[in-house]
Amino acid sequence: MRTEAKDVKPFRMEKILVLGIFLLLMLIPRFPVSAIINPRDTMNFDTIQFTINNDGDGDPVDKKVDVPVYTPWSGTTPTLRIEFTITGTNNTSATAFYGDDAWEDWKNISITGDILYPVTESTLSHVGTNGEWQCLVTPIKPGGAIMLGIDWPGNGSATQTIQIINGTFVTPLVHSFSWGLDFLLKVSVLDIDGAPVKNAKVCLLWEEEDDEFNETEGFNKPGNGMNGEYWFWILREDQGSLPPKNITIAAKWVGDFWGYATVMMERPIAPPLVFVNDDYNGSTPGWGYNHFNTIQDGINAVAANGTVCVSNGTYGEDILVDKSLSLLGANKYSTIITGSGNGTGVNITEDNVTVQGFTIQNYTEGYGIIISSNANVITENIIADTIVGIGIMYGDPLAPSHSNNGYNTISGNQLIHNTLIGIGVYGRNNTLLQNSISESEYGIMVTLADSTNISQNNISENNNGVLNMASCNTTLYRNTFSQNRKVGLFEYCTSRAMVRQNNFIKNGRHAYFIQSLLPRIWLHTFFGIPISRSVWDENYWEKPQVLPHLIPGFISIVARGLILSSFYRVNFFQVDWHPAQAPYPSIEGT
Numbered sequence: 000m001r002t003e004a005k006d007v008k009p010f011r012m013e014k015i016l017v018l019g020i021f022l023l024l025m026l027i028p029r030f031p032v033s034a035i036i037n038p039r040d041t042m043n044f045d046t047i048q049f050t051i052n053n054d055g056d057g058d059p060v061d062k063k064v065d066v067p068v069y070t071p072w073s074g075t076t077p078t079l080r081i082e083f084t085i086t087g088t089n090n091t092s093a094t095a096f097y098g099d100d101a102w103e104d105w106k107n108i109s110i111t112g113d114i115l116y117p118v119t120e121s122t123l124s125h126v127g128t129n130g131e132w133q134c135l136v137t138p139i140k141p142g143g144a145i146m147l148g149i150d151w152p153g154n155g156s157a158t159q160t161i162q163i164i165n166g167t168f169v170t171p172l173v174h175s176f177s178w179g180l181d182f183l184l185k186v187s188v189l190d191i192d193g194a195p196v197k198n199a200k201v202c203l204l205w206e207e208e209d210d211e212f213n214e215t216e217g218f219n220k221p222g223n224g225m226n227g228e229y230w231f232w233i234l235r236e237d238q239g240s241l242p243p244k245n246i247t248i249a250a251k252w253v254g255d256f257w258g259y260a261t262v263m264m265e266r267p268i269a270p271p272l273v274f275v276n277d278d279y280n281g282s283t284p285g286w287g288y289n290h291f292n293t294i295q296d297g298i299n300a301v302a303a304n305g306t307v308c309v310s311n312g313t314y315g316e317d318i319l320v321d322k323s324l325s326l327l328g329a330n331k332y333s334t335i336i337t338g339s340g341n342g343t344g345v346n347i348t349e350d351n352v353t354v355q356g357f358t359i360q361n362y363t364e365g366y367g368i369i370i371s372s373n374a375n376v377i378t379e380n381i382i383a384d385t386i387v388g389i390g391i392m393y394g395d396p397l398a399p400s401h402s403n404n405g406y407n408t409i410s411g412n413q414l415i416h417n418t419l420i421g422i423g424v425y426g427r428n429n430t431l432l433q434n435s436i437s438e439s440e441y442g443i444m445v446t447l448a449d450s451t452n453i454s455q456n457n458i459s460e461n462n463n464g465v466l467n468m469a470s471c472n473t474t475l476y477r478n479t480f481s482q483n484r485k486v487g488l489f490e491y492c493t494s495r496a497m498v499r500q501n502n503f504i505k506n507g508r509h510a511y512f513i514q515s516l517l518p519r520i521w522l523h524t525f526f527g528i529p530i531s532r533s534v535w536d537e538n539y540w541e542k543p544q545v546l547p548h549l550i551p552g553f554i555s556i557v558a559r560g561l562i563l564s565s566f567y568r569v570n571f572f573q574v575d576w577h578p579a580q581a582p583y584p585s586i587e588g589t
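For the record, in the sequence shown the residue sitting at position 299 is 298 according to numbering that gives the first Met the number 0, with numbers rising by one throughout.
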């Protein structure tokens, strides 16, 4: 069925519309025209008013202040509270108040001039309503001024000036310094007439910490008042762990006439001091600059010759050290670098590196530490469960002697259960001192090395204690060789070794040597290793001996692996002419 709409007469529709409009107008609240302002609309005010309600000192509106008084050892820089109002009006008597709407923020207000630190969101704030603001500032010197201004987008601008009347002139002779270095801060103090103040009281504060860390009173002496100069050493250890941390200088000359200055701490491009903790994250202060959660990131960030401090924790990394630095663990028992089989715990390719205070473990198919550079120090570490605990690499064996890696010091380490070698030494002038080495095939292996010093080590429970091979001028002094299953000290094609005042106790064989003539000639020709015998003297051979002690071995024509029959070798021996009657003291701490 089709239904047709009925016609509505036009005059009735008109009456309904008029009635609706009337009711709508009756429901709208009536406001004065002068108060209805949409701040988002563009309105050019005839007048922008910046009114000082309180200048913070004395007469609240004379716009004259003194430098505020500092209380020594309070650690807090005094401030003045300046209160002001910002309004705008036009020729229709419309008024707006800056800051009463959220998009009118503090960034369009400028507070500049002779003040200690720039204003921030925390020191410049909107208070209450009707365009009321306040800021906290520290005037710094007499004769200066504080300039206040508003640049109201789309409307206009206005300024005010507050004069600084009384105070003291304080001037640092250097306005910035680099974090992480000792710094001599020199300060000049002048009175209100510009004359040197010889008996000023000068205080130093860390800006962020509200902490006064030094003060002095002048006695007209060099660096302490003479010519109005005052000197302070700002030491590295006092500068904290995270730059920048600026210095505030407060000084007075008579009464309560104070003055202030700032020395800015510069953040270096690469920090000289870096901290690593496996619990650090993006919320840690200094994250990504000098605070990291991996050792490699810390090494990459630190400046050359800097220090990386590693907190207790477990770090699963293969670490490359390619710059001179100190890598310091908090505790060698609980600061752990761990591998997952192959790889290298710490690979040192640059000179002058120190590694101290770590456990390095579980590189079961690789090295704990590889050194392929000079003048490094590896000390107070535990290295376990690797193929080679520490390896000082030779580089190219056919290169000139100056390319050898040397002058490395390995001291105070514990090397345990490194399956092939505890410490492997190549190169020149390396020192192994007061280490404890056990449970390896070879506790120490010295190969193609010159002037290696092996002193005061405990070498025990290895298959072979020390293998000194194809090397010259090796010194073995005051070591303890004990319970090594095959041999304590094995020398092969060595020259000029000095074996003196060592303990040999309960080894399968205390010492043994082989000298092969053709290899000795080859070593002499290509490596300059001289042909000369070793010297054994004053060693303890498990028990007191009256007669000289014989060290067995043999001399062969060719290398042992090429010997076809005993015809090519002759049994021989070397002699310790003055064997010790009692063991030497064991090395404490190893």
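Each residue gets a CB set at the ideal place from its N, CA and C atoms; glycine is no exception. Owing to the predicted nature of the structure, the values given are computational and were not obtained by experimental measurement.
- Between the stretch 153 to 164 and the stretch 121 to 132, the count of Cβ pairs shorter than 8 Å is below three; the stretches do not touch.
- Listed in chain order, the non-local C-beta contacts of N461 below 8 Å within the same chain comprise G421, I436, S437, E438, S439, E440, Y441, G442, N483, R484, local neighbours out to five positions each way being set aside.
- Taking 7 Å as the cut-off, the Cβ atoms of G328 and T343 do not count as close.
- Going by beta carbons, D54 and I81 fall inside the 7 Å limit.
- Counting other Cβ atoms within 10 Å of its Cβ, N52 stays below 16 and is therefore classed as exposed.
- The stretch 229 to 243 and the stretch 212 to 219 touch, with three or more beta-carbon pairs separated by less than 8 Å.
- DSSP lists D449, S494 as the beta-bridge partner residues of C471.
- Fully contained in the stretch 324 to 379 are the following beta strand (DSSP E) runs of length 3 or more, in chain order: 324 to 328, 334 to 337, 343 to 347, 352 to 355, 358 to 370, 376 to 378.
- Scanning its chain for C-beta atoms nearer than 7 Å, with the 5 sequence neighbours on each side dropped, one finds around G258 the residues V66, I139, K140, G166, T167, F168, V169, A250, in chain order.
- Assigned with DSSP and collapsed to three states, E236 falls in helix.
- Counting the other CB atoms within 10 Å of its CB gives R532 a total below 16, which places it among the exposed residues.
- In this structure, N463 sits away from F480, with a CB-CB distance that is not shorter than 7 Å.
- For N299, the enclosing alpha helix (DSSP H) begins and ends at 294 to 300.
- Ranked by Cα distance from Y362, the options E379, V387, T378, V354 are led by V387.
- With the rule of 3 Cβ pairs closer than 8 Å, the stretch 278 to 286 does not count as touching the stretch 302 to 309.
- Between S515 and the set A469, S325, N501, N502, the nearest pair of CA atoms involves A469.
- When DSSP states are grouped into helix, strand and coil, M444 belongs to the strand group.
- Taking all protein chains shown into account, G287 has fewer than 16 neighbouring C-beta atoms within 10 Å of its C-beta and is therefore exposed.
- Counting along the chain, no beta strand (DSSP E) covers G254, and no H or E run does either.
- No Cβ-Cβ contact shorter than 7 Å links S325 with D350.
- Taking a C-beta distance under 7 Å as the contact criterion, V498 and L475 qualify as a contact pair.
- The beta carbon of V253 sits closer than 8 Å to the beta carbons of D190 from its chain, once the five residues preceding and following it are set aside; these are given in chain order.
- Bounds of any beta strand (DSSP E) do not take in A101, whose DSSP letter is neither H nor E.
- Cβ neighbours of V196 within its own chain (closer than 8 Å, five residues either side excluded): T167, V188, L189, D190, G217, G224, G227, A250, W252.
- With fewer than 16 other Cβ atoms inside 10 Å of its own Cβ, E120 counts as exposed.
- By alpha-carbon distance to I554, the top candidate from Q544, E541, Q573 is Q573.
- About 19 Å separates the Cβ atoms of N289 and N311, ruling out a contact at the 8 Å cut-off.
- Excluding residues up to 5 positions away in sequence, L327, T378, E379 lie with their Cβ nearer than 6 Å to the Cβ of Q355 in the same chain.
- Note on G340: under 16 other CB atoms within 10 angstroms of its CB, so exposed under the neighbour-count rule.
- In this structure, R427 and S450 form a Cβ contact; the two beta carbons are roughly 6 Å apart against a cut-off of 8 Å.
- Under the three-state reduction of DSSP, N428 is assigned to coil, being neither helix nor strand.
- Distance from the CA atom of K505 to the CA atom of N478, rounded to whole angstroms, is 14 Å.
- Taking all protein chains shown into account, N90 has fewer than 16 neighbouring C-beta atoms within 10 Å of its C-beta and is therefore exposed.
- Judged by DSSP in its simplified three-state form, M392 adopts coil rather than helix or strand.
- Cβ neighbours of I347 within its own chain (closer than 8 Å, five residues either side excluded): V320, V354, I368, I369, I370, S371, S372, N375.
- The Cβ neighbour count for S92, taken over all protein chains shown within 10 Å, is under 16; the residue is labelled exposed.
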